[in-house]
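Some notes on the structure that comes next.
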Amino acid sequence: MLRVGVVGVGNMGRHHARIYSELAKEGRVEFIGVADANFKRAKEIARQYSVEAFQDYNKLIGIVDAVSIAVPTSLHKQVALDFIENGVNVLVEKPIAESIESAEEIIRAAEKKNVTLMVGHIERFNPAVLKLKEILEAKTLGEIVTLTAKRVGPFPPQIKDVGVIIDLAVHDIDVMSFLLGEQVREVHAKAGSAKNPLELEDYAVIVLTFESATGVVETNWLTPHKVRKLSVVGTEGIAELDYINQELTLYNHEWIRKAKIQKREPLKNEIEHFVECIEKGMQPIVSGNDGLHALKVAIMALKSAKEGKIVKD
Numbered sequence: 388m389l390r391v392g393v394v395g396v397g398n399m400g401r402h403h404a405r406i407y408s409e410l411a412k413e414g415r416v417e418f419i420g421v422a423d424a425n426f427k428r429a430k431e432i433a434r435q436y437s438v439e440a441f442q443d444y445n446k447l448i449g450i451v452d453a454v455s456i457a458v459p460t461s462l463h464k465q466v467a468l469d470f471i472e473n474g475v476n477v478l479v480e481k482p483i484a485e486s487i488e489s490a491e492e493i494i495r496a497a498e499k500k501n502v503t504l505m506v507g508h509i510e511r512f513n514p515a516v517l518k519l520k521e522i523l524e525a526k527t528l529g530e531i532v533t534l535t536a537k538r539v540g541p542f543p544p545q546i547k548d549v550g551v552i553i554d555l556a557v558h559d560i561d562v563m564s565f566l567l568g569e570q571v572r573e574v575h576a577k578a579g580s581a582k583n584p585l586e587l588e589d590y591a592v593i594v595l596t597f598e599s600a601t602g603v604v605e606t607n608w609l610t611p612h613k614v615r616k617l618s619v620v621g622t623e624g625i626a627e628l629d630y631i632n633q634e635l636t637l638y639n640h641e642w643i644r645k646a647k648i649q650k651r652e653p654l655k656n657e658i659e660h661f662v663e664c665i666e667k668g669m670q671p672i673v674s675g676n677d678g679l680h681a682l683k684v685a686i687m688a689l690k691s692a693k694e695g696k697i698v699k700d
């Protein structure tokens with residue numbers, strides 16, 4: 388049975404721990420332990436799920452086959468490489484790393500060691516997104532013209548090493564690429580820092596040019612409530628997707644239809660997929676290269692905003 392662990396049990400990591408615990412109860416994995424530099428937090432989560440707690444994540448090496456990494460982005464490379472070099476399969480939270488060079492290093496190491504590397508772009512596992520992908524492939528909306536995303540909410544104080552583009556906009560960059568089956572060709576962005584104490588950008592509007600369509604991402608940490616929505620306009624109709632409520636509505640000139648969606652926690656879908664990929668030797672739906680593409684585009688957006696011009700791939 389696959390032995391699993393979690394490194395970093397803050398906002399996101401604690402949910403990875405909860406789901407591994409559920410899978411362990413179902414007899415699908417053996418949940419070994421959690422590690423966090425904040426040992427008090429590690430012990431708290433470990434106690435909750437009756438597993439071991441470590442302050443030094445290296446102590447998980449040798450006793451786990453797979454690990455979720457949910458530490459701050461700036462630490463992704465070091466932690467991921469330490470596990471990969473020891474033959475441990477890795478699910479690293481998005482974004483894959485803080486720089487293109489670090490991301491490429493992680494990908495190369497995983498290929499060399501022949502371990503599974505997956506990036507936690509959770510919206511790929513949202514049942515509403517998967518349903519929308521089906522609908523687009525069936526050409527129900529005709530040819531896609533534009534995709535417009537709104538991903539806004541309050542400032543998360545735990546995010547100290549990246550701005551809103553790399554933290555939030557990467558979700559919609561990745562989803563749009565996934566839905567269209569294409570990579571971004573050029574980026575034009577406007578961004579700024581209104582209230583961020585570290586003066587990292589906390590609002591942005593990003594225009595993404597794909598081969599077949601145009602994407603627009605509006606994101607900020609200034610809105611007091613969370614909004615996670617996507618609108619897709621096609622030649623034969625439009626789709627409105629609500630990520631949070633997992634709802635999808637289709638409109639054309641004659642009718643309005645709500646898609647039937649089997650609601651399920653996206654993170655559970657994601658972690659189950661990670662486990663299955665390791666067990667069956669499958670390529671993950673979100674590969675290291677997918678994570679690299681989303682990061683590259685986010686960095687292009689930062690460059691565009693800074694230089695005030697379109698940036699091409």
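Sequence positions in the sequence shown follow this note's numbering and run 388 to 700.
Note that beta-carbon positions come from the ideal geometry of N, C-alpha and C, so glycine has one too.
Item checked: Element boundaries [alpha helix (DSSP H), containing isoleucine 531] -> In the sequence shown, residue 531 corresponds to position 144, counting from 1. It is not in any alpha helix (DSSP H) - isoleucine 531 instead sits in the beta strand (DSSP E) that spans 531-541.
Notebook entry, point to check: Under the three-state reduction of DSSP, which class applies to tyrosine 630: helix, strand or coil?
Noted result: To locate residue 630, count along the sequence shown from 1; it is residue 243. If DSSP states are grouped into helix, strand and coil, tyrosine 630 belongs with coil.
Check: What do you reckon, are the CB atoms on aspartate 554 and isoleucine 560 nearer than 8 Å?
Finding: Numbered from 1 along the sequence shown, position 167 holds the residue referred to as residue 554. Numbered from 1 along the sequence shown, position 173 holds the residue referred to as residue 560. The answer is no: Cβ separation not under 8 Å.
Check: Over what stretch of residues does the alpha helix (DSSP H) that includes phenylalanine 426 continue unbroken?
Finding: Counting from one through the sequence shown, the residue named residue 426 turns up at place 39. Note, phenylalanine 426: alpha helix (DSSP H), 426-436.
Checklist line | Backbone CA spacing between phenylalanine 426 and alanine 600 [nearest angstrom] | finding: Numbered from 1 along the sequence shown, position 39 holds the residue referred to as residue 426. Numbered from 1 along the sequence shown, position 213 holds the residue referred to as residue 600. Those two C-alpha atoms are separated by around 48 Å.
Notebook entry, point to check: What separation, rounded to the nearest whole angstrom, lies between the Cα atoms of glutamine 633 and histidine 660?
Noted result: Taking the sequence shown and counting its residues from 1, the one referred to as residue 633 is at position 246. Taking the sequence shown and counting its residues from 1, the one referred to as residue 660 is at position 273. If you take the alpha carbons of glutamine 633 and histidine 660, they lie about 19 Å apart.
Notebook entry, point to check: Would valine 539 count as contacting chain B if we go by Cβ distances under 8 Å?
Noted result: Absent from the structure: chain B. Only one protein chain is present.
Next item on the list: Look at the alpha carbon of asparagine 583 and the alpha carbon of phenylalanine 565, and state the distance between them as a whole number of angstroms.
Entry: Translated into the one-based positions of the sequence shown, residue 583 becomes position 196. Translated into the one-based positions of the sequence shown, residue 565 becomes position 178. Those two C-alpha atoms are separated by around 31 Å.
Next item on the list: Please report the residue range of the beta strand (DSSP E) in which alanine 591 lies.
Entry: Here the question's residue 591 lines up with position 204 in the sequence shown. Run containing alanine 591: 590-596, per the beta strand (DSSP E) assignment.
Margin query: Just to confirm, is the Cβ distance from lysine 368 to isoleucine 509 under 8 Å?
Written below: Look at the range of the chain in this structure, 388 to 700, and you will see that residue 368 is not part of it.
Next item on the list: For alanine 467, collect the residues of the same chain with a Cβ closer than 7 Å to its Cβ; drop the 5 residues on either side in sequence, then sort them by chain order.
Entry: Looking up residue 467 in the sequence shown gives position 80. Closer than 7 Å at Cβ, skipping near neighbours: Ile456, Val477, Val479 and Ile493.
Checklist line | Three-way DSSP call (helix, strand, coil) for isoleucine 448 in this model | finding: The count along the sequence shown starts at 1 and reaches residue 448 at position 61. Isoleucine 448 falls in the coil class under three-state DSSP.
Next item on the list: Look up threonine 636 in the DSSP assignment and say whether it is helix, strand or coil.
Entry: Here residue 636 refers to the residue found at position 249 of the sequence shown. Of the three classes helix, strand and coil, the one that applies to threonine 636 here is strand, per DSSP.
Checklist line | C-beta atoms of glutamate 491 and leucine 689 nearer than 8 Å | finding: By one-based count along the sequence shown, residue 491 stands at place 104. By one-based count along the sequence shown, residue 689 stands at place 302. It is not a contact, given that the beta carbons lie outside the stated cut-off.
Check: Are the CB atoms of leucine 587 and isoleucine 531 nearer to each other than 8 Å?
Finding: Numbered from 1 along the sequence shown, position 200 holds the residue referred to as residue 587. Numbered from 1 along the sequence shown, position 144 holds the residue referred to as residue 531. No, the pair does not count as a contact, with Cβ atoms beyond the cut-off.
Notebook entry, point to check: In whole angstroms, what separates the C-alpha of glycine 474 from that of threonine 503?
Noted result: As a working note, residue 474 is residue 87 in the sequence shown. As a working note, residue 503 is residue 116 in the sequence shown. Straight-line Cα distance between these residues: approximately 9 Å.
Margin query: Quick check on the DSSP output: the alpha helix (DSSP H) that includes methionine 687 runs from which residue to which?
Written below: Taking the first residue of the sequence shown as position 1, residue 687 is located at position 300. Where methionine 687 is concerned, the enclosing alpha helix (DSSP H) stretches over 675-694.
Next item on the list: Return the CA-CA distance between alanine 422 and valine 571, expressed in angstroms with no decimal places.
Entry: Counting from one through the sequence shown, the residue named residue 422 turns up at place 35. Counting from one through the sequence shown, the residue named residue 571 turns up at place 184. Going by the C-alpha atoms only, they are around 36 Å apart.
Notebook entry, point to check: For glutamate 439, which beta-bridge partners are listed by DSSP?
Noted result: Within the sequence shown, numbered from 1, the residue matching residue 439 stands at position 52. Beta-bridge pairing links glutamate 439 to Gly420.
Check: Which two residues bound the contiguous alpha helix (DSSP H) that contains asparagine 607?
Finding: Taking the first residue of the sequence shown as 1, we reach residue 607 at position 220. Element bounds for asparagine 607: not the alpha helix (DSSP H) but the beta strand (DSSP E), 601-607.
Margin query: Quick check: aspartate 452 and arginine 405, are their CB atoms within less than 8 Å of each other?
Written below: Start at 1 with the first residue of the sequence shown, and residue 452 comes out as number 65. Start at 1 with the first residue of the sequence shown, and residue 405 comes out as number 18. It is not a contact, given that the beta carbons lie outside the stated cut-off.
Next item on the list: Throw me the rounded Cβ distance for the valine 557 and lysine 481 pair, which I believe falls under 8 Å.
Entry: Residue numbering aside, residue 557 sits at position 170 when the sequence shown is read from its first letter. Residue numbering aside, residue 481 sits at position 94 when the sequence shown is read from its first letter. Their Cβ separation, rounded to whole angstroms, is 6 Å, which keeps valine 557 and lysine 481 in contact under 8 Å.
Margin query: Less than 6 Å between C-beta atoms, sequence neighbours within five positions excluded: which residues of the same chain meet that for threonine 535?
Written below: Your numbering for residue 535 matches position 148 in the sequence shown. Val603 and Ser618.
Next item on the list: Answer yes or no: do isoleucine 648 and lysine 518 have a C-beta to C-beta separation smaller than 8 Å?
Entry: If you number the sequence shown from 1, residue 648 lands on position 261. If you number the sequence shown from 1, residue 518 lands on position 131. Yes; because the gap between Cβ atoms is below 8 Å, this pair is in contact.
Check: Apart from the five residues just before and just after asparagine 639, which ones in its own chain have a Cβ nearer than 7 Å to its Cβ?
Finding: Locating residue 639 in the sequence shown gives position 252, where the first residue counts as 1. Glu623 and Gly624, listed in sequence order.
Notebook entry, point to check: What does leucine 504 pair with, by DSSP beta-bridge criteria?
Noted result: Position 117 of the sequence shown holds residue 504. Its beta-bridge partners are Val477.
Checklist line | Residues of its chain near alanine 681, where Cβ-Cβ distance is below 6 Å and the 5 sequence neighbours each way are ignored | finding: For the purposes of this step, residue 681 is identified with residue 294 of the sequence shown, where counting begins at 1. So the list reads Val557, Ile560 and Asp561, once near-sequence residues are dropped.
Item checked: Integer Cβ distance of alanine 591 from alanine 578, believed to fall under 8 Å -> Taking the sequence shown and counting its residues from 1, one reaches residue 591 at position 204. Taking the sequence shown and counting its residues from 1, one reaches residue 578 at position 191. Correct: roughly 4 Å between the Cβ atoms.
Item checked: Bounding residues of the beta strand (DSSP E) (the contiguous stretch that carries serine 455) -> For the purposes of this step, residue 455 is taken as the residue at position 68 of the sequence shown. Note, serine 455: beta strand (DSSP E), 453-456.
Notebook entry, point to check: By how many angstroms is the C-alpha of methionine 563 removed from the C-alpha of glycine 507?
Noted result: In the sequence shown, the residue the question calls residue 507 occupies position 120. In the sequence shown, the residue the question calls residue 563 occupies position 176. Straight-line Cα distance between these residues: approximately 16 Å.
Notebook entry, point to check: Where do the ends of the alpha helix (DSSP H) carrying isoleucine 509 lie?
Noted result: If you number the sequence shown from 1, residue 509 lands on position 122. Neither: isoleucine 509 is in no alpha helix (DSSP H) and is coded neither H nor E.
Next item on the list: In the DSSP assignment, find the alpha helix (DSSP H) that holds alanine 702 and state where it starts and stops.
Entry: Nothing in the structure corresponds to residue 702, since the chain is present only between 388 and 700.
Next item on the list: Between the Cα of lysine 520 and those of Thr460, Ile419 and Leu635, spot the shortest distance and give me the residue it belongs to.
Entry: For the purposes of this step, residue 520 is taken as residue 133 along the sequence shown, with counting starting at 1. Answer by Cα proximity: Leu635.
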